[in-house]
Amino acid sequence: MPNDAAEPAAGRHFIRTMIQADLDAGRVRGVVTRFPPEPNGYLHLGHAKSICLNFGVAGEFNGRCHLRFDDTNPTKEEQEFIDAITRDVRWLGFDWGQHLYHASDYFDRLYDWAEHLISAGKAYVDDQTIEQIRESRGTLTEPGRDSPFRGRANAESLDLFRRMRAGEFPNGARVLRARIDMAAGNINLRDPVLYRILHADHPRTGSTWCVYPTYDFAHGQSDAIEGITHSLCTLEFEDHRPLYDWLLDNLPVPARPRQTEFARLNLTHTVLSKRFLTELVKRGTVSGWDDPRMPTLAGVRRRGVPPAALREFVRRVGVARANSVVDFAQYEHAVREQLNRSAPRRMGVLRPLKLVIENYPEGKTELLDAVNHPDDPVAGTRQVPFGRELYVERDDYMDDPPKKFYRLSPGREVRLRYGYLVTCQRAVRDATGALDHLVCTYDPATRGGNAPDGRKVQATLHWVAAATALRAEVRLYDHLFARPDPGAGGDLFADLNPNSLETLADARVEPALAEAHVGEAVQFERQGYFCPDPDSRPGKPVFNRTVGLRDSFAKAKGRGGQAPVA
Ligand code: ATP
Ligand code: MG
């Protein structure tokens, strides 16, 4: 893939610099990273940033990257999500080899380490409720209050912790807390909860456990067990780093990973949060996790986005420590650039209007050569049938056009792409006055689209032959949220765009598209990039518009977007 010479610096970021320095100074001997999703939803575009970063730096420094399911909360996690995540990381182009792990693989060791902390006087069983614990934790300006159980003897805590594990107590009856400092400036150090009782079956460990470690207790120790050198996570974990380090300092862990935070990816007009995406699925606002409007990897794949476009987008966004919001148009720009290179050109008419060429012989069909890709001669040509009756785009005709509308209107000559020059003679209306079809004449001397006398026509239109066209459903998408900053007004769901999906049930596409496959995007000339949807049935194709041709981002950057023909 050619690099965008304007943005080479996007590749050089502080994490790469840090890793290089660690290697140069001999602080680490190799690079081991991990991508640690919690299997409680599908991956989204934000995760793509984390995946590309973790697998990317590991690859560059000849290290390795683990895929680890952070499956410590059995009440929200499901096998469906594990399968989807595995599929999506692979689709994005990354391979963890044999390094697939689950935090639940470490439950035994984590439990032993919890007992180790208790025996060392660094953890205790607290009989308070979660609400009482939260309420006594203090604030940024006020220290927390000691639990009445903070002074509990180690032996008593150990006994109670073992009985928690044995299932003697109901959910919420007790927790295990670290004994750190209730007056610590960092609230995460005010005796954080390490284990809670949850009588729930786990997708992998079944009914073996009824106590489960918290994220904070599981994460750093899992990193250490796997020999992770660089634990890269998003900025919201910055305040957890002192706890991450405290646990590593106080446990007999086999390695000493280092946590480094980077900014999350945020995009305008959408939400990158599993909590909200789950809600959209549950409410039925979208058809599922892979609805093509969803910013999930499954959604954008179904919509036709190639993984290379996502990797390039993420590379250009770069990695920084300051939070920012990326314009959705920048994402679309990367998708469009990739598809412009890779997608074969086809013709499809979204809103058909019949055009009859009155001087073209009835029953005659010609096969015209059409170019598959203007910049790639190797892609070759295909033949498109031409006949007396065609469909053109309804929007390409006006009775009484304004200045600068060079397309069809009575008396106007236009070029039919790969075909002939035709002149519109008249519009025929039905009894209600609605436009029914156009009657045109063609110039037989203009096959291929050029007049021997060199006369000029301004517009070139796409078309399909009525007799051979396939009827198709086309789904056009717009932003999922109407405002660029969904939720900023207080109610996220009030900001949903009611027009995010438009279904065109009666589009017509050229016969070559009968061979189009799910996952393979094509360009419909002048209309954008489209990809067959899995809802397609034999003889009833359904196309998703991946992205249109108009490029507001390139225009804004003065690069000259690819504008449709006038
Ligand atoms: P969400 O906020 O969507 O629920 P999460 O952080 O809870 O996401 P995890 O499954 O825990 O989801 O995330 C796995 C990894 O992906 C974490 O290391 C997390 O930091 C990273 N990640 C999540 N969202 C983003 C984002 N928007 N940009 C970059 N990385 C992200
Ligand atoms: Mg998380």
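So the sequence shown is numbered by the working numbering: it starts at -9 and just counts up by one. Heads up, the beta-carbon is just placed ideally off N, CA and C, and yes, glycines get one too.
In this structure proline 203 is not in contact with threonine 23, their Cβ atoms being roughly 22 Å apart against a cut-off of 8 Å.
Spanning the alpha carbons of glutamate 327 and glycine 278 requires a straight line of approximately 28 Å.
In the DSSP assignment, threonine 131 falls outside any beta strand (DSSP E) and carries neither an H nor an E.
Contact fails between the region 53 to 67 and the region 303 to 317, because fewer than three Cβ pairs, one in each stretch, are under 8 Å apart. DSSP places serine 94 outside any beta strand (DSSP E), giving it a letter other than H or E. When Glu515, Leu503 and Glu510 are compared, the shortest CA-CA separation from lysine 530 is found for Leu503. With a beta-carbon spacing of about 56 Å, valine 183 and leucine 340 fall beyond the 8 Å limit used to define contacts. When the alpha-carbon of glycine 509 is set against those of Thr431, Arg535 and Pro501, the nearest one is in Arg535.
Remark: three or more beta-carbon pairs, one from each stretch, lie closer than 8 Å, so the region 27 to 42 and the region 287 to 306 are flagged as touching.
Distances from the CA of phenylalanine 51 to each of Leu33, Gly438 and Gly20 were compared; the closest alpha carbon is that of Gly20.
Boundaries of the alpha helix (DSSP H) harbouring leucine 237: 231 to 240, taken from the DSSP string.
Arginine 292 and arginine 153 have their C-alpha atoms roughly 49 Å apart. Scanning the region 298 to 385 from its first residue to its last, the whole beta strand (DSSP E) runs of 3-plus residues come out as 342 to 347, 356 to 361, 371 to 376 and 379 to 383.
Just so you know, the alpha carbons of histidine 220 and threonine 371 end up roughly 50 Å apart. Counting only runs of at least 4 residues, the region 119 to 194 fully encloses the following alpha helix (DSSP H) elements, listed from N- to C-terminal order: 120 to 125 and 144 to 155. Arginine 416 is not a Cβ neighbour of aspartate 426, given a cutoff of 7 Å.
In this structure, ligand 1 has a non-hydrogen atom nearer than 6 Å to the beta-carbon of leucine 255.
Counting along the chain, no beta strand (DSSP E) covers glycine 46; the unbroken alpha helix (DSSP H) around it starts and ends at 35 to 50. For a cut-off of 8 Å, the C-beta gap from methionine 172 to arginine 164 is around 18 Å, too long to register as a contact. Of the other Cβ atoms in all chains shown, fewer than 16 fall within 10 Å of the Cβ of aspartate 385; this residue is therefore exposed. About 7 Å separates the CB atoms of histidine 37 and proline 27; that is less than 8 Å, so the two are in contact.
Listed as beta-bridge partners of tyrosine 387 by DSSP are Leu398. Leucine 33 is positioned such that its CB atom lies closer than 7 Å to that of isoleucine 75. Residue environment: glycine 289 is assigned as buried (16 or more neighbouring CB atoms within 10 Å of its CB, all protein chains considered). For histidine 259, the number of other beta carbons within 10 angstroms of its own is at least 16, and it is reported as buried.
Per the C-alpha coordinates, the member of Val429, Ala333, Arg527 and Val382 positioned closest to valine 499 is Val382. Boundaries of the alpha helix (DSSP H) around glutamate 269: 264 to 273. Phenylalanine 514 and histidine 363 have their C-alpha atoms roughly 12 Å apart.
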